[in-house]
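All remarks here apply to the structure that follows.
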Amino acid sequence: MQKKIILLLLCIAAVTLLPAQRTKRPVTINLFPEMPVCFNPAEYPNGVVEKEGMIYLGNGRIVLKKIQLPKFTKYTGASLTLSLVSNGDPWDKSGSCFVIPASAGTTMLDIAAGRAAYPRQDSGRYEQLAGIVQGENYRPAIELMRFMTPFGVGHFSSDDDSVSARRRPVYVDGWAKEVTWTQDITDLLSLFEEEAYIGIFIDTWTKEGYKVDVQLSWTESALPCDTMPKLHVEPLINTNYYIGQKHPDIFSRQDVSIPFTIPENVRNVRLKYIATGHGGHSGGDEFRPQKNILSVDGEVVLDFTPWRTDCASFRRFNPTSGVWLQKRTQAFIGKGGKREVKEIEEPLASSDLSRSNWCPGSDVTPEEINLQGITPGSHTLTISIPESTPIDENKLNHWLVSAYLVWEE
1 MQKKIILLLL CIAAVTLLPA QRTKRPVTIN LFPEMPVCFN PAEYPNGVVE
51 KEGMIYLGNG RIVLKKIQLP KFTKYTGASL TLSLVSNGDP WDKSGSCFVI
101 PASAGTTMLD IAAGRAAYPR QDSGRYEQLA GIVQGENYRP AIELMRFMTP
151 FGVGHFSSDD DSVSARRRPV YVDGWAKEVT WTQDITDLLS LFEEEAYIGI
201 FIDTWTKEGY KVDVQLSWTE SALPCDTMPK LHVEPLINTN YYIGQKHPDI
251 FSRQDVSIPF TIPENVRNVR LKYIATGHGG HSGGDEFRPQ KNILSVDGEV
301 VLDFTPWRTD CASFRRFNPT SGVWLQKRTQ AFIGKGGKRE VKEIEEPLAS
351 SDLSRSNWCP GSDVTPEEIN LQGITPGSHT LTISIPESTP IDENKLNHWL
401 VSAYLVWEE
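For the record, in the sequence shown the residue sitting at position 262 is 262 according to the numbering used here, with numbers rising by one throughout.
Here it is, written out as structure tokens:
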């Protein structure tokens, strides 16, 4: 007991007296330098294509790379930074940066190569949506970052571009040349301590697609007593349609329940949840606020409406967004300081419209729920989006959701 007290006092002294030495210098590795992500069956035929250390699936819409990080014994914080430019695709598209850990079993590489299939699931519980939850020798990929490409950033951003030059509103002094997002992934760092695949998926259907740059950074503590907690990450669900999967409109017909087990002697159990609604037509799930309700063993742990009302603030990233003119009455100061009112036409861009937890050019912040008091044993997570609507021909209503647990062992 005395040794523990002495060690604690030494740690406090180190933190107090050595502020400049609390952390080592950050380490940054560039995982995907200006990596093309596109739909080009001629260059990336069906199956698995390996080029220059990268692996391409889905005709180029998925890029994978195998990496392995050191095993950290001191507390280490980590972040992921993703930068993106259009390489000619003018549209907004959903994107996902994910990790497939060594413990995943069957992977999307096995699916793409035709040497395995997604495990069979209870068709009543999960309909025909293959690979969205755990199965025999299969664990879904874990999202590091959900993001949404803006309309044409970079490729169409020059001031004299024939497409975008006349679409720029007066309050934007110049189109952005790229978009960059950074998210903390400290909770997921343990997934890289054995060989793992990190991947990028963009739902593009153009030959031009996008160019993506991904950097992983970590900063390790320099204090000898600042140990790294042993974290476990348990994937529960991921409805992103990476490879050989369907648009997931299951929430329009039923709640989705996922069983999970909490082992003995774990603590600080947290649930991470990422959700975005899609269906870009008028009245689609993209443009209607809808509640997401998460329950554990029948008790609601999260009840919220994932909805972004700040999309107009991303206007500088969206040079090819469609623009409409709307009439409105505008008060202004005229000649001689006289207050005047007149009817004007004002531009409204598609990228300005509020959406279901995303904007063209935004990333998506995971919701975190602290499951205090959860006991060891079997439990069930239920996800309900009761106002979601089904797919109707080309009206592709669906929700992309992913959830995983993190706990300390």
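Backbone N, C-alpha and C fix where the C-beta goes; we use that ideal spot for every residue, glycine too. Since this is a predicted model, take the numbers as computed values, not measurements.
Could you check whether residue j and residue i sit closer than 7 Å to each other, using their CB atoms as the reference points?
{"i": "VAL406", "j": "ARG270", "result": "yes"}
{"i": "PRO248", "j": "LEU371", "result": "no"}
{"i": "VAL37", "j": "GLY152", "result": "no"}
{"i": "MET108", "j": "ILE243", "result": "yes"}
{"i": "ASP89", "j": "THR206", "result": "yes"}
{"i": "ALA116", "j": "ASP110", "result": "yes"}
{"i": "ARG376", "j": "ILE262", "result": "Just to set this straight, residue 376 is Pro in the shown sequence, not Arg. Their beta carbons are under 7 Å apart, which means PRO376 touches ILE262 by this criterion."}
{"i": "THR219", "j": "PRO26", "result": "yes"}
{"i": "GLN100", "j": "ALA141", "result": "One point to set straight first is that residue 100 is Ile, not Gln, in the sequence displayed. Yes, they are a contact pair."}
{"i": "PHE317", "j": "VAL179", "result": "yes"}
{"i": "ASP203", "j": "SER94", "result": "yes"}
{"i": "LEU31", "j": "LEU189", "result": "no"}
{"i": "TRP91", "j": "PHE251", "result": "no"}
{"i": "LYS177", "j": "GLU409", "result": "no"}
{"i": "PHE415", "j": "SER86", "result": "The first residue shown for the chain is 1 and the last is 409, placing residue 415 beyond what the model contains."}
{"i": "VAL364", "j": "THR276", "result": "yes"}
{"i": "LYS211", "j": "GLU34", "result": "yes"}
Identify which residue in the options has its Cα closest to the Cα of residue i.
{"i": "ASN265", "options": "PHE147, THR239, ILE258, HIS232", "result": "HIS232"}
{"i": "VAL256", "options": "TYR241, LEU236, ILE55", "result": "LEU236"}
{"i": "SER321", "options": "GLY361, VAL300, GLY373, LYS327", "result": "GLY361"}
{"i": "TYR404", "options": "LEU294, LYS335, ALA222, ALA312", "result": "LEU294"}
{"i": "ARG125", "options": "GLU367, ILE383, ASP226, GLU408", "result": "ILE383"}
{"i": "CYS359", "options": "PHE39, SER162, LYS291, ARG315", "result": "ARG315"}
{"i": "LEU84", "options": "PHE147, THR380, SER282, PRO319", "result": "PHE147"}
{"i": "ARG288", "options": "PHE317, SER354, VAL323, GLY53", "result": "SER354"}
{"i": "THR81", "options": "VAL48, GLU343, MET145, PRO259", "result": "MET145"}
{"i": "TRP181", "options": "ARG120, PHE332, PRO150", "result": "PRO150"}
{"i": "GLN290", "options": "PRO386, SER86, SER96", "result": "PRO386"}
{"i": "ARG253", "options": "ILE391, LYS66, PHE72, GLY95", "result": "ILE391"}
{"i": "SER282", "options": "ASN394, VAL133, TYR44", "result": "ASN394"}
{"i": "SER162", "options": "GLY337, TRP324, PRO319", "result": "PRO319"}
{"i": "PHE39", "options": "GLY60, GLY154, GLY53", "result": "GLY60"}
{"i": "ILE344", "options": "LYS177, PHE32, PHE332, VAL63", "result": "PHE332"}
{"i": "ASN357", "options": "TRP307, GLN121, ALA104, ILE29", "result": "TRP307"}
{"i": "THR28", "options": "ASP213, THR305, ASN240", "result": "ASP213"}
{"i": "ILE258", "options": "HIS379, GLY105, GLY373", "result": "HIS379"}
{"i": "GLY373", "options": "ALA312, ASP352, GLU299", "result": "GLU299"}
{"i": "GLY53", "options": "ASN46, PRO45, LEU64, TYR44", "result": "LEU64"}
In three-state DSSP terms, what is residue i?
{"i": "MET108", "result": "helix"}
{"i": "GLU286", "result": "helix"}
{"i": "PHE251", "result": "helix"}
{"i": "GLY124", "result": "helix"}
{"i": "ALA165", "result": "helix"}
{"i": "SER350", "result": "helix"}
{"i": "PHE156", "result": "coil"}
{"i": "SER190", "result": "helix"}
{"i": "GLY77", "result": "strand"}
{"i": "GLY95", "result": "strand"}
{"i": "ALA196", "result": "strand"}
{"i": "ASN238", "result": "strand"}
{"i": "ASN268", "result": "strand"}
{"i": "SER356", "result": "coil"}
{"i": "PRO60", "result": "A small correction: the amino acid at residue 60 is Gly; Pro does not occupy that position in the sequence shown. Three-state result, GLY60: helix."}
{"i": "ALA102", "result": "helix"}
{"i": "ALA117", "result": "coil"}
{"i": "SER83", "result": "strand"}
{"i": "TRP201", "result": "Looking at the sequence itself, residue 201 is Phe, so the reference to Trp does not match. Of the three classes helix, strand and coil, the one that applies to PHE201 here is strand, per DSSP."}
{"i": "ALA176", "result": "coil"}
{"i": "GLU387", "result": "coil"}
{"i": "GLN245", "result": "coil"}
{"i": "GLU367", "result": "strand"}
{"i": "ARG139", "result": "coil"}
Which residues in the same chain have their Cβ closer than 6 Å to the Cβ of residue i, if we skip the five residues on either side of it in sequence?
{"i": "THR479", "result": "Residue 479 lies beyond the residue range present for the chain, which begins at 1 and ends at 409; the question has no answer from this structure."}
{"i": "GLY131", "result": "TYR118, GLN245"}
{"i": "ASN397", "result": "ASP249, GLY279, GLY284, ASP285, THR389, ILE391"}
{"i": "GLN183", "result": "LEU80, MET145"}
Please work out which residues of its chain come closer than 7 Å, Cβ to Cβ, to residue i, disregarding the five sequence neighbours upstream and downstream, and give them in chain order.
{"i": "VAL48", "result": "ILE55, LEU57, LEU109, ALA112, ALA113"}
{"i": "PRO19", "result": "Interpretation of PRO19 is limited by its pLDDT of 49, a score under 50 that renders its predicted location unreliable; the figure taken from the coordinates is listed afterwards. Nothing listed; no residue qualifies."}
{"i": "LEU191", "result": "VAL99, PRO101, ILE142, VAL233"}
{"i": "ASN238", "result": "ILE132, PRO140, ALA141, GLU143, SER402"}
{"i": "ILE67", "result": "LEU31, PHE192, ALA196, ILE198"}
{"i": "LEU17", "result": "Reliability fails at LEU17, whose pLDDT of 44 lies under 50, so the model's placement of it is uncertain and no value is given."}
{"i": "ASP159", "result": "ALA165, GLY174"}
{"i": "PRO169", "result": "ARG315, PRO347"}
{"i": "THR106", "result": "ALA116, ASN137, TYR138"}
Among the residues of its own chain, which have a CB less than 8 Å from the CB of residue i, if the five just before and after it don't count?
{"i": "ARG167", "result": "PRO319, THR320, SER321, VAL323, PRO347, ALA349"}
{"i": "ARG267", "result": "TRP407, GLU408"}
{"i": "VAL341", "result": "THR329, GLN330, ALA331, PHE332"}
{"i": "VAL301", "result": "LEU271, LEU294, SER295, ILE369, LEU371"}
(request) Output the residue ranges of the beta strand (DSSP E) runs that lie fully inside the segment 296–339 and measure 3 residues or longer, sorted by chain position. (result) At a cut-off of 3 residues, the continuous stretches assigned as beta strand (DSSP E) that sit fully inside the segment 296–339 are 299–304, 323–333.
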